Ligand SMILES: [Zn+2]
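In the working numbering, the protein residues as written are 648 to 789.
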């Protein structure tokens, strides 16, 4: 059986090298969906308490990415923003590649997967950049 939980967060990003408007720093109201699976239900008939899943995903990811700006590691804006807001370096997130919905979904999958309790498997992460555009990664994609 699988259960899922949805989250929302606000973040800025840009796609370095993109010739259109995605190349400029801009923001989205992102939606994140996490799907987990387990072979057995616990004594309460749950796969995981939804509150526990919420706490794990918020601690591990949403609290870090909400009101942050995500960049490719070598984006020249990174040092400029760190200098302009030295009080909050944790609000500047760098990823190994452009922070597209695809790369964010993969990063989220890896980060959240490590934080789940024993017996629970992360099977899918979807990130919506807009209500109509999403990237989904499954366990079988890794
Ligand atoms: Zn965008």
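Even glycine gets a Cβ: it sits at the ideal position worked out from N, Cα and C.
These numbers come from a predicted model, not from an experiment.
Practice task
Verify the contact flag: residue 776, CB atom, against every heavy atom of ligand 1, threshold strictly below 7 angstroms.
Solution key: yes
Practice task
Measuring only between beta-carbons, confirm whether residue 661 sits less than 8 angstroms from chain B.
Solution key: Included in the structure is just one protein chain, with no chain B present.
Handout entry: Reduced DSSP category for residue 679 - H, G, I as helix; E, B as strand; rest coil
Key = strand
Exercise for the section: Give the straight-line distance between the Cα atoms of residue 661 and residue 702, rounded to the nearest whole angstrom. Expected result: 28 angstroms
Exercise for the section: Compute the Euclidean distance between the alpha carbons of residue 779 and residue 675, then round it to the nearest angstrom. Expected result: In a straight line, the C-alpha of residue 779 is about 12 angstroms away from that of residue 675.
Exercise for the section: With a threshold of 7 angstroms, establish whether the CB of residue 665 neighbours any heavy atom of ligand 1. Expected result: no
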